[in-house]
Structure formats: structure tokens, C-alpha cells
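S.K.:
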Amino acid sequence: MTTEAETATRLPEYALTVPVEDGPLGLVDDPIPFDVEAIRADFPILERMTAEGPLVYLDSANTSQKPRVVVEAIEDHYLNHNANVARAMHLLGAEATEAFEGARATLAQFIGATRSEEVVFTKNASEALNLCAHTLGSRLRPGDEIVVSVMEHHSNLVPWQMLAQRTGAVLRWYDVTEEGRLDLEAAARDGLVNERTKIVSVAYVSNVLGTINPVTEIAAAAHAVGAVLVLDASQAVPQMPVDVTALGADLLVFTGHKMVGPTGIGVLWGRYELLADLPPFLGGGEMIEVVKMSGSTYAPPPYRFEAGTPPIAQAVGLATAASYLTAIGMDQVAAHEQEITAYALAGLATVPGLRVIGPAEPVDRGGAVSFTLTDASGDQVHPHDVGQLLDSKGIAVRGGHHCARPLHERFGVQSSTRASFYLYTTTGEVDALVEGLHHTLRFFGRGPAAAGPGRTR
Amino acid sequence: MKVDDLYQEIILDHYRAKHHSGLRDPYEAEVHHVNPSCGDEVTLRVHLDGGTVSDVSYEGAGCSISQASTSVMSDLVIGHPVEHGLELHQEFLELMQSKGALVPDEDRLEDGIAFAGVSKFPARVKCALLGWSAFKDAALRAQADRLPEDHPSDQTHDHEGAAR
Chain A
13 MTTEAETATR LPEYALTVPV EDGPLGLVDD PIPFDVEAIR ADFPILERMT
63 AEGPLVYLDS ANTSQKPRVV VEAIEDHYLN HNANVARAMH LLGAEATEAF
113 EGARATLAQF IGATRSEEVV FTKNASEALN LCAHTLGSRL RPGDEIVVSV
163 MEHHSNLVPW QMLAQRTGAV LRWYDVTEEG RLDLEAAARD GLVNERTKIV
213 SVAYVSNVLG TINPVTEIAA AAHAVGAVLV LDASQAVPQM PVDVTALGAD
263 LLVFTGHKMV GPTGIGVLWG RYELLADLPP FLGGGEMIEV VKMSGSTYAP
313 PPYRFEAGTP PIAQAVGLAT AASYLTAIGM DQVAAHEQEI TAYALAGLAT
363 VPGLRVIGPA EPVDRGGAVS FTLTDASGDQ VHPHDVGQLL DSKGIAVRGG
413 HHCARPLHER FGVQSSTRAS FYLYTTTGEV DALVEGLHHT LRFFGRGPAA
463 AGPGRTR
Chain B
635 MKVDDLYQEI ILDHYRAKHH SGLRDPYEAE VHHVNPSCGD EVTLRVHLDG
685 GTVSDVSYEG AGCSISQAST SVMSDLVIGH PVEHGLELHQ EFLELMQSKG
735 ALVPDEDRLE DGIAFAGVSK FPARVKCALL GWSAFKDAAL RAQADRLPED
785 HPSDQTHDHE GAAR
């Protein structure tokens, strides 16, 4: 953690855009007791009613809802401080630049980065991962190996597949155990990470299984062979305290919209020396040093990786989101997540025919619970149908392969239903889910009709 | 929009007891269609006898809407000229795109009219169209292959992502 003095020197004065009373990061001496009802009051959308009653939003791993302060910060930016950054030589330009760079500092502090230049703003986590693949990829040669895992979101798989195709590098992957944990034993036995390995890129927390991966162990394995470790922390940063200096990662990405921030902004964090050593990703304005018709030189990080007008208002919103979460306390957010996940796993265990894909115990596990549902006649109720029936009760979940088709294939299922929780989720909402699943089973389990009305010939 | 508008009893009946399901020989064309957003898929074969669809056989993994729609489609096209099936595809497509505004013709779409409610659920329209799109694709391929008589009949047309 940083001291208050350090914080004061690093964070510019842009309190106007960050309406948290205790300062940009809401640094307070005593933790505020975690009060889910008080938190819910910050999220106007959670008051929405559906035809069947109150909205039950259990799709936060997909995207989180936004507290009023985040929306207001974006509104305030556009209504009072809007200008382009780093180039406008006027009052608003200075304010916008200060807000944008202040947001960078806030995000750096949120993830424990030692300097704000280590934070690169991107469009989303996918773009950040593509940035990693492109820039790290410039060093690859045929026969080099890239290691991912079978539990990756497509965004941490496809860019590496494309890179392997471009460079002749070989893509390999960690398998998972039946419980949905990375099979490190098999990896060690098979020499998965070896002297040919140049890049290891895995999820910190699985968006389907919920598994929290042992990233320090993976970092050690990667570094032992001189490989770079990339972490897809899209499901981790929103849910638990993350200190990039303690993880052993070299590059780490996450997205704004899953951590009560806006869409349209993602973050790449990288060790400064590594970032400084990487070539540019996209070319354009603001990423350059000197441009001549004969060639250009490039700006140092983070600007080298931020071509064009960046997501300014989104950065302001995301910084406010980080401040909001910090004011509540990420350890308390994580504890609530743990508690509600344990409650949900116990509740889901009462639903006949429900099989959880991923750890069934709330240990080293985040708040995404994916499952399949089989009715009394032994047929799987398709996740679309589960989702539709739950939606008819006002309950929002996700059904499909959750952008992780290989993982579903690994577990022998085509798709699954996923409920995911966040700081505003209540046990009552989990109860509604469990009751909704019983209702779904009753609805689809009426048994085959005696004689179908189909006009067979 | 009530969920019962979507899950008509006819749809659930077809879902629970699919008509003409399973893959059968002979066939002139086989296609594989996938709904990339959810992973629903169907492998579908068409067997022509002259200009008549003499069999449609299929195997798929998908939700009740996509499975029931494929079942209803097979009832409607088997035993009829290919052109009739393609016309029904067009009518069903228009029904699905109507957002609930079209009143379907029961004499032509028979059990297919039960899907009128699906058109009010935009996220499910692609489910209802999966089997129909596969049929259209396979029927056109079967017709094309029929022209040179000695064309091999066992080729597989893999069209992942063709159904959107």
C-alpha cells in the first residue's frame, strides 16, 4: 500500500471529477461496515421492476451495474470539463488532461502499480490482450511456444492463435481437472512450460468456472524459463484486492465495465521496463515522438500504446468506479462475493439435476457459477430456455458458452447457464434464482404430450 | 410479452418428441449450421427424389425453440416440391422478422404458426431460423448437385457460421 503522503504527491487535484469525499481514493481510517442495502441504493437500476416483480440482476460477470457517482462523474465531465487531452492549450483542455491523467494515477493506485506510466488505457480487455499479443509477438520465432489454458475466454485465446499463425510459434495449453482447476501436475509432467516457452497468458479468475488460479505459482514457472506472464484479470480486479507487484505478472489486463465503470475502456498494466522495451501497437496521433515523412519515433509508455483520442470520459468514470470500490474496500467486496457464492452453491445444490461446472466449494473461487440443468426425464434443459424462463420471473442470467467454447467442450457440454454475483447481490436474489430454477424444471418437465399435434404424414 | 406466448404447447410438444430427427441415408446434401452467439448447432441432410423433398433428417443441439422449429420445418417440407419448401422458408422468415405484426397463414405454415410469438423475442428469432436456414442451404446444394447426375452424393458441406 502507498502512504497518504505518496498519494498526495502522485494524484493531481481533480477532485471535481471524483466526488468521493475522503479524497480521490476515499482513504479512510476505519473500514465502513459492509451494508448491501446501502450499496444497492447507489445503483438506481436495481430498483427497476419487471412484469413479475423486482429485477434480479445475476449477470455481473457479463457486465456490472453502475453506481450513480460513476454516471454523474461522466456527466460532469461532458457537461463541464470536456475537451481533448494533451493537445488543447486552453482551460478545458488542461482540465480534461488533468482528469484523464488523474484517472491513470487512480487506476495505478487501485492495482498497486508503482508508477502511473505503467497504466495504458485501451478500448477494452480484448484490445489490451491483442496489444500484448502484437507487441510480444514481434519477438517470436517459429518453434517458440505460447502457453494458455483451456479455460480461457476467447479474448485470451484467439489473439494468441492468430499470433501463432503469423509467427509459426506453437500454441499449447494447460488442461483443467474435473473440479475445474488448472491441472498443474499434468503441466509439470508434460513439460508444458519449458525453455521454448516465451509467453504464458492465463486468466486470473475464470469467467465460467469461477476458479481463482494460482498465479504466483504460474509466474514462477514462467519466469524460471524466461517467459513473460500475461494475466487476464477481467474477472479478478472487480472482485478482489489486486496488487500487481505481488502477483509476479509482467502484463495484466482488465476492463472497466465489469468493475462498476463504463464500457469503452480497458486497462493494460505492464512492468515499466517491459513496456518501454515493446514496440507500438496501433499507429496514429499521440503515440509518436517525432514524425517525418521518412519515418517516426515513438513516445515512451504509456502514450506509445494509446494512438488517437483516448477514452477520456470513460477514464473519468472508471477512476470514479475505482474510488467507489476503494471507499467500500476491496477486501469487503471480496468477502461479500465469497459469502454470496457459498450461499448460492448451497442453494443450487438443492435443485435436482443441476450440475455445477467448476469448483463446488467456495474455496479459491470467484462469484461466477455456471451449471447445467437436467429435467426429470433426463433431458438437458437448454440454457436459452433456462434463461428465458428465469427472465420471465425478472431474473437475469447468461446462457450459452460465455465466450469459452473450448472449456465447455472440455466438460462435454455444449453450453451452460451462468449466474454471477457482485457487491450488490443479496441472498434474497439467490433465493429467487433457486426458486426460478425449480419453476423452470416444472415448466419443461411436464413430460411428453400423449400425442403430438404435428401433422406427420 | 408473456413467456407463454413464446412457449406454445405445440412448440413444447415438438421439442419433447421431435419429428423426423436423426441422420438418415440416402441424401444429396448435408450441411452443418451454427449459431455463433450461443453455440446451437444442427447437422441436416436433404434427400431429393426428382424435384420433391423425399426426406429431411437432422441431428442438433439447441434450445427448445430451435429444436421444435426444425421438427415443424421437416413436417412441412417432406413430401413436397423443393420450391414449396423454399417458399415456406421465405414466409417463415418474414413471420420471424415481423416483430409480432404478421398473422401467419395456418393453411400453409400449420404448426409453424405457433412460432408467431417468437418474433416478439428478438433474441430468440435466430433460434427459430436455425433449422430453416439449414434446410434452405441443403436443398439448394442438393439441387445444384443433382444437375450432373454422376456427382458423388456423400460430400459434406460445412458451413459454420453461415446461419446468423
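Going line by line, the protein sequences match chains A and B.
Here my numbering = 1-based position in the first sequence + 12.
Here my numbering = 1-based position in the second sequence + 634.
Ideal Cβ positions, reconstructed from N, Cα and C, are used throughout, including at glycine.
The structure presented is a predicted model; accordingly, all values stated were derived computationally and were not measured.
1. For the beta strand (DSSP E) containing L678 (chain B), list its first residue and its last residue.
2. Entirely within the segment 156 to 187 of chain A and at least 3 residues each: give me those beta strand (DSSP E) ranges in chain order.
3. Below 7 Å on C-beta distance, what does L401 (chain A) contact in chain B?
4. Please decide whether R417 (chain A) counts as near chain B, where near means a Cβ-Cβ distance under 8 Å.
5. Using a Cβ cut-off of 8 Å (strictly closer), state whether S213 (chain A) contacts chain B.
6. Given a cut-off of 8 Å, decide if F726 (chain B) and L640 (chain B) are closer than it, judged by their beta-carbon atoms.
7. On the CB-based measure, 16 or more other CB atoms within 10 Å of its CB, does A431 (chain A) come out buried or exposed?
8. Any residues in the segment 688 to 699 of chain B with a beta carbon nearer than 8 Å to a beta carbon of chain A? Which ones, in chain order?
9. Within the present structure, is the beta-carbon of A137 (chain A) separated from the nearest heavy atom of the ligand GTP by less than 7 Å?
10. Say whether chain B places a C-beta atom closer than 8 Å to the C-beta of G390 (chain A).
11. Within the 8 Å Cβ cut-off, does S671 (chain B) reach chain A?
12. Using the Cβ count rule (16 or more neighbours within 10 Å means buried), how would you classify H269 (chain A)?
13. Can you look up V240 (chain A) in the DSSP assignment and give me helix, strand or coil?
14. Label L657 (chain B) either buried or exposed according to how many other C-beta atoms from any shown protein chain fall within 10 Å of its C-beta, with 16 as the threshold for buried.
15. Kindly list, in the order they appear in chain B, the residues whose Cβ is closer than 7 Å to that of Q251 (chain A).
16. Ordered along the chain, which non-local residues of its own chain (more than five positions away) have a Cβ less than 6 Å from that of A115 (chain A)?
17. Find out if the Cβ-Cβ distance for the pair G370 (chain A), G105 (chain A) is shorter than 8 Å.
18. Between the segment 642 to 661 of chain B and chain A, which residues of the former have CB atoms less than 7 Å from a CB of the latter, in chain order?
19. So within the segment 682 to 718 of chain B, which uninterrupted beta strand (DSSP E) runs reach at least 3 residues, ignoring any that extend past its ends?
20. Are at least three pairs of beta-carbons, each pair with one atom in the segment 731 to 750 of chain B and one in the segment 707 to 722 of chain B, less than 8 Å apart?
21. In angstroms with no decimal places, state the Cα-to-Cα distance between D88 (chain A) and L183 (chain A).
22. Return the first residue and the last residue of the beta strand (DSSP E) that Y216 (chain A) is part of.
23. Buried or exposed: where does H165 (chain A) fall if 16 or more other Cβ atoms within 10 Å of its Cβ makes it buried?
24. Just the C-alpha distance for V446 (chain A) and R52 (chain A), rounded to the nearest angstrom, thanks.
25. Buried or exposed, going by whether 16 or more other CB atoms sit within 10 Å of the CB of M271 (chain A)?
26. I believe V687 (chain B) touches I712 (chain B) by the beta-carbon criterion, under 8 Å. Please report the beta-carbon distance rounded to the nearest angstrom.
27. When the Cα atoms are used, what is the spatial distance from V256 (chain A) to G282 (chain A)?
28. State the beta-bridge partners of N669 (chain B) as determined by DSSP.
29. Taking the alpha-carbon of I324 (chain A) as reference, which of A:V81, A:V97, A:V237, A:S76 has the nearest alpha-carbon?
30. Let me know the beta strand (DSSP E) ranges lying completely inside the segment 296 to 341 of chain A, each 3 residues or longer, listed in chain order.
31. Taking contact to mean at least 3 C-beta pairs separated by less than 8 Å, is the segment 760 to 768 of chain B in contact with the segment 664 to 682 of chain B?
32. How is D741 (chain B) classed by DSSP in three states: helix, strand or coil?
33. In the DSSP assignment, find the beta strand (DSSP E) that holds T257 (chain A) and state where it starts and stops.
34. Hey, L280 (chain A) and A261 (chain A): beta-carbon distance below 8 Å or not?
35. Under the rule that 16 or more other beta-carbon atoms within 10 Å means buried, what is H450 (chain A), buried or exposed?
36. Tell me, to the nearest whole angstrom, how far the beta carbon of V716 (chain B) is from that of H648 (chain B); I am working on the premise that it is less than 8 Å.
M.R.: In short:
1. Sequence index remark: in the second sequence, residue 678 (chain B) carries index 44 (1-based). Here the beta strand (DSSP E) through L678 (chain B) covers 674 to 683.
2. As for any beta strand (DSSP E) of minimum length 3 sitting wholly inside the segment 156 to 187 of chain A, the runs are 157 to 161, 182 to 186, ordered along the chain.
3. Taking the first sequence and counting its residues from 1, one reaches residue 401 (chain A) at position 389. Neighbours of L401 (chain A) across chain B, judged by C-beta separation under 7 Å: V637.
4. Mapped onto the first sequence, residue 417 (chain A) falls at position 405. Cβ-Cβ to chain B under 8 Å: yes for R417 (chain A).
5. As a first step, residue 213 (chain A) must be located in the first sequence, where it is residue number 201. No, no contact with chain B.
6. The residue given as residue 640 (chain B) occupies position 6 in the second sequence. The residue given as residue 726 (chain B) occupies position 92 in the second sequence. No. Outside cutoff.
7. In the first sequence, the residue the question calls residue 431 (chain A) occupies position 419. With 16 or more Cβ atoms within 10 Å of its Cβ, A431 (chain A) is classed as buried.
8. From the segment 688 to 699 of chain B, only A695, G696, C697, S698, I699 have a Cβ closer than 8 Å to chain A.
9. Summarising the ligand content, the structure contains no ligands, and the ligand GTP is consequently not present.
10. Locating residue 390 (chain A) in the first sequence gives position 378, counting from the first residue. It does not; no Cβ of chain B falls within 8 Å.
11. Here residue 671 (chain B) refers to the residue found at position 37 of the second sequence. Cβ-Cβ to chain A under 8 Å: yes for S671 (chain B).
12. In the first sequence, counting from the first residue as 1, residue 269 (chain A) sits at position 257. Classification for H269 (chain A): buried.
13. Residue mapping note: residue 240 (chain A) aligns to position 228 of the first sequence, counting from 1. For V240 (chain A), the secondary structure class from DSSP, reduced to helix, strand or coil, is strand.
14. For this step, residue 657 (chain B) is matched to residue 23 along the second sequence. Exposed, because fewer than 16 other Cβ atoms sit within 10 Å of the Cβ of L657 (chain B).
15. Reading the first sequence from its first residue, position 239 is the one you call residue 251 (chain A). Close to Q251 (chain A), with beta-carbon spacing below 7 Å, lies no residue of chain B; the smallest spacing is near 26 Å.
16. The residue given as residue 115 (chain A) occupies position 103 in the first sequence. Same-chain partners within the cutoff: A327, V328, A331.
17. Along the first sequence, one-based indexing puts residue 370 (chain A) at 358. Along the first sequence, one-based indexing puts residue 105 (chain A) at 93. No.
18. Answer set for the segment 642 to 661 of chain B: I644, D647, H648, R650, A651, H653.
19. With a minimum length of 3 residues, the continuous beta strand (DSSP E) runs that stay inside the segment 682 to 718 of chain B are 686 to 695.
20. Yes: the two stretches touch, three or more of their Cβ pairs being nearer than 8 Å.
21. Here residue 88 (chain A) refers to the residue found at position 76 of the first sequence. Here residue 183 (chain A) refers to the residue found at position 171 of the first sequence. Straight-line Cα distance between these residues: approximately 46 Å.
22. The sequence position of residue 216 (chain A) within the first sequence is 204, counting from 1. Note, Y216 (chain A): premise wrong, no beta strand (DSSP E); not H, not E.
23. Residue 165 (chain A) sits at position 153 when you count from the first residue of the first sequence. Counting of Cβ neighbours within 10 angstroms places H165 (chain A) among the buried residues, the total reaching 16 or more.
24. What you label residue 446 (chain A) is simply residue 434 of the first sequence in a count that begins at 1. What you label residue 52 (chain A) is simply residue 40 of the first sequence in a count that begins at 1. Whole-angstrom Cα-Cα distance: 21 Å.
25. On the first sequence, position 259 is the one that residue 271 (chain A) refers to. M271 (chain A) is classed as buried because its beta carbon has at least 16 other beta carbons within 10 Å across all chains shown.
26. Position 53 of the second sequence, counted from the start, is the residue given in the question as residue 687 (chain B). Position 78 of the second sequence, counted from the start, is the residue given in the question as residue 712 (chain B). The beta-carbon separation of V687 (chain B) and I712 (chain B), rounded to 6 Å, stays under the 8 Å limit for a contact.
27. Residue mapping note: residue 256 (chain A) aligns to position 244 of the first sequence, counting from 1. Residue mapping note: residue 282 (chain A) aligns to position 270 of the first sequence, counting from 1. Straight-line Cα distance between these residues: approximately 9 Å.
28. Taking the second sequence and counting its residues from 1, the one referred to as residue 669 (chain B) is at position 35. N669 (chain B) is bridged by DSSP to B:D674.
29. Here residue 324 (chain A) refers to the residue found at position 312 of the first sequence. Of the listed residues, the one whose Cα sits closest to I324 (chain A) is A:V97.
30. If we require 3 residues or more, the beta strand (DSSP E) runs fully inside the segment 296 to 341 of chain A come out as 300 to 304, 307 to 310.
31. By the Cβ criterion, the segment 760 to 768 of chain B is in contact with the segment 664 to 682 of chain B, since at least three pairs of Cβ atoms, one from each stretch, lie closer than 8 Å.
32. Here residue 741 (chain B) refers to the residue found at position 107 of the second sequence. Three-state DSSP puts D741 (chain B) in a helix.
33. Translated into positions along the first sequence, residue 257 (chain A) becomes position 245. Following the DSSP letters along the chain, one finds T257 (chain A) in no beta strand (DSSP E) but inside the alpha helix (DSSP H) bounded by residues 256 to 259.
34. As a working note, residue 280 (chain A) is residue 268 in the first sequence. As a working note, residue 261 (chain A) is residue 249 in the first sequence. No, the Cβ-Cβ distance between L280 (chain A) and A261 (chain A) is not below 8 Å.
35. The residue you call residue 450 (chain A) lines up with position 438 of the first sequence. By the neighbour-count rule (16 or more Cβ atoms within 10 Å), H450 (chain A) is not buried but exposed.
36. Here residue 716 (chain B) corresponds to residue number 82 of the second sequence, with the count starting at 1. Here residue 648 (chain B) corresponds to residue number 14 of the second sequence, with the count starting at 1. In this structure V716 (chain B) is not in contact with H648 (chain B), their Cβ atoms being roughly 23 Å apart against a cut-off of 8 Å.
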